[in-house]
Amino acid sequence: MLRRFGQVAVLLALLLAEIPAVMAALPMLLASFGMGLIFLFPPLAWMVRYFAELNRRLMREWTGVPIEAPYLPEPPPPVRQPDGMYRSDRTLYRSPRVPAWNNRWKWLLTDPATWRDGLWLLLDPVVKLLLLPAFLLVPGRGLRVYAIWSNWVLGATAASRLAGQVSHLRRTRNLAADSQAAEMRRIERDLHDGAQARLVAIGMTLGAVEALVDNDPTAAKALLAKARESSSETLTELRRVIRGIHPPVLAERGLGDAVRALAMDSAMQVSVTVDLPGRLEAPVEAAAYFAVSELLSNAARHGDARTAEVDISTNDSDLRITVTDDGMGGADPAKGSGLSGIERRLSAFDGVLALNSPPGGPTTVTMDLPAVLPGSSGRKRACLPRRKLLVVAALWATAWCPTFPQGIVAGVVKALGGEEKSWFLALYLPEVWQWPVIFGMIGLGIFMHFMAMRIPATHDPERWMRGATPGKPWRLE
Amino acid sequence: MSRVLIAEDLYLLRDGLVHLLQAHGFTVVAAVESGPELLKGLLELRPDVSIVDVRLPPTFTDEGLQAALAARAKVPGLPILVLSQHVEQLYARELLADGSGAIGYLLKDRVFNATQFVDAVRRVAEGGTAMDPEVIAKLLASNARNEPLAALTPREREVLEAMAEGRSNAGISQRLYLSESAVAKHTASIFAKLGLAPSDDDNRRVLAVLAYLNSR
Chain A
9 MLRRFGQVAV LLALLLAEIP AVMAALPMLL ASFGMGLIFL FPPLAWMVRY
59 FAELNRRLMR EWTGVPIEAP YLPEPPPPVR QPDGMYRSDR TLYRSPRVPA
109 WNNRWKWLLT DPATWRDGLW LLLDPVVKLL LLPAFLLVPG RGLRVYAIWS
159 NWVLGATAAS RLAGQVSHLR RTRNLAADSQ AAEMRRIERD LHDGAQARLV
209 AIGMTLGAVE ALVDNDPTAA KALLAKARES SSETLTELRR VIRGIHPPVL
259 AERGLGDAVR ALAMDSAMQV SVTVDLPGRL EAPVEAAAYF AVSELLSNAA
309 RHGDARTAEV DISTNDSDLR ITVTDDGMGG ADPAKGSGLS GIERRLSAFD
359 GVLALNSPPG GPTTVTMDLP AVLPGSSGRK RACLPRRKLL VVAALWATAW
409 CPTFPQGIVA GVVKALGGEE KSWFLALYLP EVWQWPVIFG MIGLGIFMHF
459 MAMRIPATHD PERWMRGATP GKPWRLE
Chain B
435 MSRVLIAEDL YLLRDGLVHL LQAHGFTVVA AVESGPELLK GLLELRPDVS
485 IVDVRLPPTF TDEGLQAALA ARAKVPGLPI LVLSQHVEQL YARELLADGS
535 GAIGYLLKDR VFNATQFVDA VRRVAEGGTA MDPEVIAKLL ASNARNEPLA
585 ALTPREREVL EAMAEGRSNA GISQRLYLSE SAVAKHTASI FAKLGLAPSD
635 DDNRRVLAVL AYLNSR
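This is the structure we're talking about:
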């Protein structure tokens with residue numbers, strides 16, 4: 009209780025800083041837009057953001073109301089063009105400073121969160137004064153109400169969440185595209201230097217055989233044997249390349265058996281536990297397989313491990329893979345490219361990698377791939393927006409009234425010729441209107457039931473999300 | 435004259451196998467190209483030996499291998515030689531698991547050497563085994579830390595490899611340029627070191643070695 013009062017006191021004391029801030033903000037705003045002193049706007053926005061962030065943090069810590077920051081992601085730094093200039097809209101600059109400043113200015117200006125923050129700061133003194141009685145009498149409740157108000161003004165919106173998702177997706181897409189391109193280059197090199205060169209050699213040998221076969225059959229025979237040997241080697245080479253692209257066991261048996269086959273071929277003693285309901289999608293399988301393969305070979309090569317354990321399990325629609333080895337530990341993603349390569353591969357599926365490798369071992373790597381299993385819909389369930397939810401609830405709450413008492417029951421009473429009018433609306437009307445109104449009531453009731461079922465059934469979360477997309481999340485040129 | 439069934443989805447290879455085996459005195463009773471046809475053929479025709487590709491239509495996964503395992507579960511010891519573009523310890527262990535012999539598992543490249551390939555087919559038809567050297571190498575590699583195996587001399591190891599591929603004493607002596615009596619001496623020593631019961635029957639001897647390698 010005493011702590012609550014302390015917290016209330018801090019909130020009220022903050023007013024001492026907030027009120028001068030508002031007093032300063034208004035002329036600054038006026039100056040930056042009315043008089044064209046636009047350089048005043050960013051410091052103003054940062055100041056408002058500082059107060060908003062402080063309030064979010066305090067509310068999170070004191071009341072547990074999780075207020076997410078709603079800001080759009082910061083614009084990326086300007087990209088240097090081939091001619092060494094930096095572009096901002098239709099102007100070229102020599103240094104990146106001006107375009108960067110422009111981008112940040114636009115970012116602050118177009119982010120709705122900036123203006124919501126400003127609104128909050130402007131209203132905050134009033135709200136705090138209105139809540140003053142609650143703060144003094146029931147400080148716990150008062151703080152909670154204040155936190156809910158803060159969340160409402162300062163919390164994340166569908167638009168800001170989407171914008172965050174968009175920038176995350178853009179980053180992971182770039183990573184995935186990069187790693188795929190690198191894979192393609194590696195395969196091209198392997199085929200070019202290996203199989204292709206060997207086939208050229210075989211072709212040349214066969215040409216020589218053709219020339220020799222009449223005059224020197226013995227030499228021709230020897231060359232043919234050589235060509236056959238070379239074709240065997242080419243096949244071995246191709247098998248190696250294919251294993252690097254997509255291992256045949258993986259295609260034939262799926263992740264579980266492919267990892268078992270990997271474990272058998274490993275120099276370590278590897279035990280494998282698999283609990284999978286069925287086959288995963290091919291790209292997920294491949295990413296998971298190569299991750300395990302890389303981890304096992306790391307453990308054997310760098311960690312000097314003798315035994316390892318692989319555990320593949322599912323949780324609802326998430327895939328979790330744990331690889332443990334008894335090596336000497338001390339693995340560091342910053343040192344080798346192996347672990348960061350795995351992270352890149354997994355990030356295409358929103359997967360994350362957690363590494364626990366104290367010096368001296370053991371090393372445990374846990375990889376989580378969310379929502380990759382087919383069929384489970386736990387995460388994809390449509391979530392109705394609040395407005396629609398209210399409509400559906402109101403429909404269910406009232407639809408019985410026209411259908412039964414005002415419709416069917418009134419009709420039965422009228423058909424049986426009962427005298428009692430009770431609260432059957434239709435029976436108070438002139439005789440001609442009674443039946444039409446009764447049927448109208450039944451029709452209305454059925455329609456309301458129908459709509460109450462139809463709205464959630466046809467609600468398409470994706471379409472709704474598209475509708476909620478902000479106009480300009482942040483445009484990359 | 436042995437009756438052979440061939441299951442292979444690539445026309446050229448299927449045709450080549452048919453010609454090769456006919457030229458060596460086999461009778462090809464059926465040449466099929468899909469998993470369900472194969473299983474039906476195996477169970478109805480009961481061929482003396484079947485040559486089966488691992489990957490077959492309709493699913494192009496391990497259809498052929500599954501059909502072979504299913505047929506051998508119903509008819510124990512039905513002789514089947516499995517061909518594949520790649521060899522896996524996992525598949526080899528599954529094929530060897532029933533321990534009844536008359537099984538082969540070779541890379542498709544081995545067809546290049548017609549005499550050796552036909553030799554392998556005959557061996558499987560007679561109830562022996564024909565394991566690809568690559569499979570044996572992998573099995574031995576995964577047993578590398580096994581104490582008794584590490585105690586073998588290099589020569590004994592070579593004999594063990596040849597034996598695990600399914601060769602008889604005569605075959606081993608030919609391949610390693612040893613006298614048959616020397617091979618017999620080496621095998622006796624290997625069996626003593628691995629703690630296996632000696633046996634004069636070639637096939638049973640091979641199965642014992644494979645079961646030993648398989649037991650890890």
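Chains as they are written, first to last, in our numbering: chain A, 9 to 485; chain B, 435 to 650.
All residues carry an ideal CB built from backbone N, CA and C; glycine is no exception.
(message) Since residue 519 (chain B) and residue 569 (chain B) should fall inside the 8 Å C-beta cutoff, what is the C-beta to C-beta distance between them, to a whole number of angstroms?
(response) At roughly 14 Å, the Cβ-Cβ gap does not stay under 8 Å, so residue 519 (chain B) and residue 569 (chain B) are not in contact.
(message) Is residue 578 (chain B) close to chain A? Criterion is C-beta to C-beta, closer than 8 Å.
(response) Yes, contact with chain A.
(message) Please report the distance separating the alpha-carbon of residue 406 (chain A) from that of residue 381 (chain A).
(response) Pairing residue 406 (chain A) with residue 381 (chain A), the inter-Cα distance amounts to about 40 Å.
(message) Nearest by alpha-carbon distance to residue 425 (chain A): which of A:443, A:408, A:410 is it?
(response) When C-alpha distances from residue 425 (chain A) are compared across A:443, A:408, A:410, the shortest belongs to A:443.
(request) Could you name the residues of chain B that residue 265 (chain A) contacts, counting a contact when the two beta carbons are closer than 7 Å? (result) Correct list: 524.
(request) Identify every run of the beta strand (DSSP E) within the stretch 539–579 of chain B, keeping only runs that are complete inside it and at least 3 residues long; order them along the chain. (result) Runs of beta strand (DSSP E) with 3 or more residues, each lying fully within the stretch 539–579 of chain B, are found at 563–565, listed in chain order.
(request) Could you tell me if residue 624 (chain B) is buried or exposed, where buried requires 16 or more neighbouring beta carbons within 10 angstroms of its beta carbon? (result) Buried, because 16 or more other Cβ atoms sit within 10 Å of the Cβ of residue 624 (chain B).
(message) Which complete alpha helix (DSSP H) runs does the stretch 245–324 of chain A hold, if anything under 4 residues is left out?
(response) The stretch 245–324 of chain A contains these whole alpha helix (DSSP H) runs: 256–261, 263–273, 290–309.
(message) I'd like the list of long-range same chain contacts for residue 89 (chain A), defined as Cβ closer than 7 Å, with 5 residues on each side in sequence excluded.
(response) Cβ within range, chain order: 95.
(message) Below 7 Å, is the gap between the Cβ of residue 634 (chain B) and the nearest heavy atom of the ligand SAM?
(response) Inclusion of the ligand SAM in the displayed structure is not the case, the ligand content being empty and no account of it being possible.
(request) Taking only the alpha-carbon atoms, compute the straight-line gap between residue 310 (chain A) and residue 338 (chain A) and give it to the nearest angstrom. (result) Counting only the Cα atoms, residue 338 (chain A) lies some 10 Å from residue 310 (chain A).
(request) Look at the Cβ atom of residue 423 (chain A), then the Cβ atom of residue 432 (chain A), and state whether they are nearer than 8 Å. (result) Taking a C-beta distance under 8 Å as the contact criterion, residue 423 (chain A) and residue 432 (chain A) do not qualify as a contact pair.
(request) State the Cα-Cα distance for the pair residue 65 (chain A) and residue 125 (chain A), rounded to the nearest angstrom. (result) Whole-angstrom Cα-Cα distance: 14 Å.
(request) Just the chain A side, please: which residues come within less than 8 Å of residue 495 (chain B) by C-beta, in chain order? (result) Within 8 Å of the CB of residue 495 (chain B), the CB atoms of chain A belong to 259, 260, 261, in sequence order along the chain.
(message) Please give the ranges of any beta strand (DSSP E) in the stretch 78–146 of chain A, keeping only runs that are unbroken, at least 3 residues long and fully inside the region.
(response) Counting only unbroken stretches of 3 or more residues, the beta strand (DSSP E) elements lying wholly within the stretch 78–146 of chain A are 94–96, 99–101, in sequence order.
(request) Output the boundary residues of the beta strand (DSSP E) element that contains residue 375 (chain A). (result) Its beta strand (DSSP E) spans residues 371–377.
(request) For residue 484 (chain B), write down the residues that DSSP places opposite it in a beta bridge. (result) Looking at the DSSP output, residue 484 (chain B) bridges to B:439, B:514.
(request) Look up residue 329 (chain A) in the DSSP assignment and say whether it is helix, strand or coil. (result) Here residue 329 (chain A) sits in strand by DSSP.
(message) Is the beta carbon of residue 45 (chain A) closer than 8 Å to that of residue 53 (chain A)?
(response) Inclusion of residue 53 (chain A) and residue 45 (chain A) in the CB contact set at 8 Å is not warranted, their separation being larger than that value.
(request) Could you tell me which of B:574, B:473, B:492 sits nearest to residue 260 (chain A), measuring between CA atoms? (result) Comparing Cα positions, the closest option is B:492.
(request) Taking 8 Å as the threshold, find out whether the stretch 440–454 of chain B comes into contact with the stretch 522–541 of chain B through three or more Cβ pairs. (result) The stretch 440–454 of chain B, when compared against the stretch 522–541 of chain B, does not touch it at the 8 Å Cβ threshold.
(request) Could you tell me whether the Cβ atoms of residue 538 (chain B) and residue 515 (chain B) are closer together than 8 Å? (result) Against a cut-off of 8 Å, the Cβ pair of residue 515 (chain B) and residue 538 (chain B) comes out as a contact.
(request) Using alpha carbons as the reference points, say which of A:18, A:21, A:48, A:43 lies closest to residue 32 (chain A). (result) That would be A:48, whose Cα lies nearest to the Cα of residue 32 (chain A).
(request) Flag residue 112 (chain A) as yes if its beta-carbon sits less than 8 Å from any beta-carbon of chain B, otherwise no. (result) No, because no Cβ of chain B sits closer than 8 Å to the Cβ of residue 112 (chain A).
(request) May I ask you to report which of helix, strand or coil DSSP gives residue 624 (chain B)? (result) Three-state result, residue 624 (chain B): helix.
(request) Give a yes or no on whether the minimum CB-CB distance between residue 519 (chain B) and chain A is below 8 Å. (result) Residue 519 (chain B) counts as touching chain A.
(request) Could you tell me if residue 620 (chain B) is buried or exposed, where buried requires 16 or more neighbouring beta carbons within 10 angstroms of its beta carbon? (result) Buried is the call here.
(message) Just verifying my parser: in three-state terms, what is the DSSP assignment at residue 356 (chain A)?
(response) If DSSP states are grouped into helix, strand and coil, residue 356 (chain A) belongs with coil.
(message) Looking only at its chain, what residues have a beta carbon closer than 7 Å to the beta carbon of residue 357 (chain A), apart from the 5 residues adjacent to it on each side?
(response) For residue 357 (chain A), where only same-chain residues beyond five positions count, the Cβ hits under 7 Å are 292, 295, 377, 380.
(request) Find out if the Cβ-Cβ distance for the pair residue 475 (chain B), residue 464 (chain B) is shorter than 8 Å. (result) Taking C-beta atoms as the reference points, residue 475 (chain B) and residue 464 (chain B) count as a pair closer than 8 Å.
(request) Compare the C-beta of residue 546 (chain B) against all C-beta atoms of chain A and say whether one is closer than 8 Å. (result) Chain A, which has a Cβ nearer than 8 Å to the Cβ of residue 546 (chain B), makes this yes.
(request) Sort out for me which residues DSSP pairs residue 537 (chain B) with in a bridge. (result) Note: residue 537 (chain B) sits in a beta bridge opposite B:514, B:563.
(request) Express the C-alpha separation of residue 315 (chain A) and residue 367 (chain A) in angstroms, rounding to a whole number. (result) Near 17 Å, if we compare the C-alpha coordinates of residue 315 (chain A) and residue 367 (chain A).
(request) Return the Cβ separation of residue 318 (chain A) and residue 373 (chain A) in integer angstroms, given the expectation that the two are a contact with Cβ distance under 8 Å. (result) Contact check for residue 318 (chain A) and residue 373 (chain A): beta-carbon distance about 10 Å, past the 8 Å limit, so the pair fails to qualify.
(request) Give me the Cα-Cα distance between residue 633 (chain B) and residue 584 (chain B), rounded to the nearest whole angstrom. (result) Cα-Cα distance, rounded: 23 Å.
(request) Check the Cβ-Cβ distances between residue 489 (chain B) and every residue of chain A, and say whether any is below 8 Å. (result) Chain A, which has a Cβ nearer than 8 Å to the Cβ of residue 489 (chain B), makes this yes.
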